[in-house]
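Position one of the sequence shown corresponds to residue 330 (our numbering), numbered consecutively onward.
First comes the structure, then the notes that go with it.
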Amino acid sequence: MLDFDKHVGQLINELIEEGSYDNTILVIGSDHGQRFTTNKKIPLIIHFSNNEFSGVVFSNVQNIDIAPTILDYLHIHRPPWMSGESLLSIN
């Protein structure tokens, strides 16, 4: 986990140095893997420009909600075939 954290830090530093950090949507997530049941919580971090929509969501969300959330942020209508819900309206 510490190694992963180090690499994420390096990525963020490179984005800052390039001047593109504030124009980047950064999604960091995980999956349960085969060792764990689906009732275990997994991490999900979404960074939007200028720390918009910053906060913590304690309710259950799913990886399937990532794409609708990004489309909502970009003001792009979600296609009718796409499952999931935007997380932007969750308090």
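No residue lacks a Cβ here, since even glycine has one placed at the ideal position from N, Cα and C.
Quick one: what's got a C-beta closer than 6 Å to residue i's C-beta in the same chain, skipping five residues either side?
| i | result |
| --- | --- |
| I401 | Strictly speaking, residue 401 in this sequence is Asp, with Ile absent from that position. Result list for D401: S415 and L417, in chain order. |
Can you list, in chain order, the residues of its chain whose CB lies under 8 Å from that of residue i, leaving out five sequence neighbours each side?
| i | result |
| --- | --- |
| Y350 | I341 and L344 |
| D360 | I371 and N392 |
Quick one: Cα of residue i to Cα of residue j, how far?
| i | j | result |
| --- | --- | --- |
| H406 | I399 | 10 Å |
| P408 | V390 | 20 Å |
| N380 | G413 | 23 Å |
Tell me which residues share the same chain as residue i and place their Cβ nearer than 7 Å to its Cβ, disregarding the 5 neighbours each side in the sequence.
| i | result |
| --- | --- |
| S388 | I419 |
key: Every unbroken beta strand (DSSP E) inside the stretch 352–406 [3 residues or more]   = 355–358 and 373–376
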